[in-house]
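Visitor: Going by this note's numbering, the first residue of the sequence shown is number 908, and it counts up by one from there. No residue lacks a Cβ here, since even glycine has one placed at the ideal position from N, Cα and C.
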Amino acid sequence: VIIAAAGMAAHLAGTIAAHTILPVIGVPMASGYLQGIDALLSKVQMPPGVPVATVSIGAAGAQNAALLAAQILALKDKTIAQKLTQFKADQAQTVKQKNEKLQTEID
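1. Going by alpha carbons, who is nearest to Ser938 out of Ala912, Gln952 and Thr927?
2. So who's on the other strand from Met936, going by DSSP bridges?
3. So that I know if they touch, is there some Cβ in chain D lying closer than 7 Å to that of Ala981?
4. Can you list the alpha helix (DSSP H) stretches of 4 or more residues lying completely in the segment 958-1000, in chain order?
5. Nearest-angstrom Cα distance between Leu929 and Val1002?
6. If you follow the alpha helix (DSSP H) that Thr922 is part of, which residue opens it and which one closes it?
7. Could you check where the alpha helix (DSSP H) with Asp945 kicks off and where it finishes?
8. Where does Ile1013 fall in DSSP's three states?
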(Lines of atoms letter the chains of each structure in order from A and count residues from 1; the text may use other names and numbers.)
(Lines give C-alpha, C1' and ligand atoms only; values in the text may rest on other atoms or scores of the structure.)
Protein backbone atom coordinates (compact mmCIF):
# COMPACT_ATOMS: atom_id res chain seq x y z
CA VAL A 1 0.00 0.00 0.00
CA ILE A 2 1.38 3.40 -0.98
CA ILE A 3 0.35 6.69 0.63
CA ALA A 4 1.00 9.77 -1.51
CA ALA A 5 0.52 13.23 -0.01
CA ALA A 6 0.64 16.29 -2.26
CA GLY A 7 -0.87 19.72 -2.60
CA MET A 8 -1.95 22.01 -5.43
CA ALA A 9 -2.33 20.02 -8.69
CA ALA A 10 -1.30 16.91 -6.72
CA HIS A 11 -0.24 14.67 -9.61
CA LEU A 12 1.85 12.41 -7.35
CA ALA A 13 -0.84 9.87 -6.38
CA GLY A 14 -2.13 9.48 -9.93
CA THR A 15 1.35 9.13 -11.35
CA ILE A 16 2.19 6.42 -8.83
CA ALA A 17 -1.14 4.64 -9.41
CA ALA A 18 -0.49 4.61 -13.15
CA HIS A 19 2.80 2.78 -12.60
CA THR A 20 1.93 0.16 -9.96
CA ILE A 21 -0.61 -2.51 -9.12
CA LEU A 22 -0.37 -1.67 -5.41
CA PRO A 23 -3.23 0.23 -3.75
CA VAL A 24 -2.55 3.98 -3.68
CA ILE A 25 -4.08 6.28 -1.08
CA GLY A 26 -3.98 9.97 -1.93
CA VAL A 27 -3.81 12.61 0.79
CA PRO A 28 -4.60 16.12 -0.48
CA MET A 29 -2.53 18.69 1.40
CA ALA A 30 -3.54 22.28 2.04
CA SER A 31 -1.40 24.66 -0.02
CA GLY A 32 -1.80 27.60 -2.33
CA TYR A 33 -4.86 29.78 -2.60
CA LEU A 34 -7.38 26.95 -2.53
CA GLN A 35 -6.04 25.35 0.67
CA GLY A 36 -6.17 21.79 -0.66
CA ILE A 37 -9.47 21.87 -2.54
CA ASP A 38 -7.58 21.71 -5.84
CA ALA A 39 -5.55 18.74 -4.59
CA LEU A 40 -8.73 16.99 -3.43
CA LEU A 41 -10.44 17.48 -6.77
CA SER A 42 -7.43 16.23 -8.72
CA LYS A 43 -7.42 13.00 -6.70
CA VAL A 44 -11.12 12.23 -7.01
CA GLN A 45 -11.11 12.80 -10.78
CA MET A 46 -8.72 10.02 -11.76
CA PRO A 47 -9.49 8.48 -15.16
CA PRO A 48 -10.70 4.87 -15.45
CA GLY A 49 -7.87 2.43 -14.82
CA VAL A 50 -5.98 4.73 -12.44
CA PRO A 51 -7.61 4.16 -9.04
CA VAL A 52 -6.59 6.38 -6.14
CA ALA A 53 -8.35 6.02 -2.80
CA THR A 54 -8.72 9.55 -1.43
CA VAL A 55 -9.05 10.77 2.15
CA SER A 56 -9.71 14.22 3.61
CA ILE A 57 -7.39 17.21 3.33
CA GLY A 58 -4.42 17.65 5.65
CA ALA A 59 -3.36 16.00 8.90
CA ALA A 60 -6.69 14.28 9.54
CA GLY A 61 -6.51 12.82 6.06
CA ALA A 62 -2.97 11.61 6.66
CA GLN A 63 -4.08 9.83 9.84
CA ASN A 64 -7.00 8.24 8.01
CA ALA A 65 -4.71 7.21 5.16
CA ALA A 66 -2.51 5.36 7.64
CA LEU A 67 -5.55 3.65 9.16
CA LEU A 68 -6.90 2.73 5.72
CA ALA A 69 -3.53 1.27 4.75
CA ALA A 70 -3.48 -0.73 7.99
CA GLN A 71 -7.00 -2.01 7.30
CA ILE A 72 -5.92 -3.18 3.85
CA LEU A 73 -2.87 -4.92 5.31
CA ALA A 74 -5.01 -6.42 8.09
CA LEU A 75 -6.84 -8.49 5.49
CA LYS A 76 -3.77 -10.76 5.44
CA ASP A 77 -2.08 -9.96 8.77
CA LYS A 78 -3.85 -11.01 11.98
CA THR A 79 -1.48 -9.02 14.19
CA ILE A 80 -2.40 -5.79 12.42
CA ALA A 81 -6.08 -6.77 12.55
CA GLN A 82 -5.87 -7.28 16.32
CA LYS A 83 -4.13 -3.93 16.81
CA LEU A 84 -6.78 -2.18 14.72
CA THR A 85 -9.55 -3.83 16.72
CA GLN A 86 -7.94 -2.61 19.94
CA PHE A 87 -7.42 0.87 18.48
CA LYS A 88 -11.12 1.11 17.58
CA ALA A 89 -12.13 -0.11 21.05
CA ASP A 90 -9.82 2.47 22.64
CA GLN A 91 -11.32 5.21 20.46
CA ALA A 92 -14.84 4.20 21.50
CA GLN A 93 -13.83 4.24 25.17
CA THR A 94 -12.31 7.71 24.80
CA VAL A 95 -15.53 9.03 23.25
CA LYS A 96 -17.60 7.48 26.06
CA GLN A 97 -15.37 9.09 28.69
CA LYS A 98 -15.58 12.48 27.00
CA ASN A 99 -19.36 12.16 26.80
CA GLU A 100 -19.61 11.25 30.49
CA LYS A 101 -17.47 14.26 31.41
CA LEU A 102 -19.59 16.55 29.24
CA GLN A 103 -22.82 15.20 30.73
CA THR A 104 -21.45 15.84 34.24
CA GLU A 105 -20.55 19.41 33.30
CA ILE A 106 -24.00 20.00 31.80
CA ASP A 107 -25.89 18.65 34.83
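Guide: This is what the structure holds:
1. Counting from one through the sequence shown, the residue named residue 938 turns up at place 31. It is Ala912.
2. One-based indexing of the sequence shown puts residue 936 at position 29. DSSP output for Met936 lists Gly914 as bridge partner(s).
3. Any reference to chain D falls outside this structure, which holds one protein chain only.
4. 966-981
5. Taking the sequence shown and counting its residues from 1, one reaches residue 929 at position 22. Taking the sequence shown and counting its residues from 1, one reaches residue 1002 at position 95. Answer to the nearest angstrom: the Cα atoms are 34 Å apart.
6. As a first step, residue 922 is located in the sequence shown; it is residue number 15 there, counting from the start. Residues Leu919 to Ala925.
7. Here residue 945 refers to the residue found at position 38 when the sequence shown is read from its first residue. Residues Ile944 to Val951.
8. As a working mapping, residue 1013 is identified with position 106 in the sequence shown. Ile1013 falls in the helix class under three-state DSSP.
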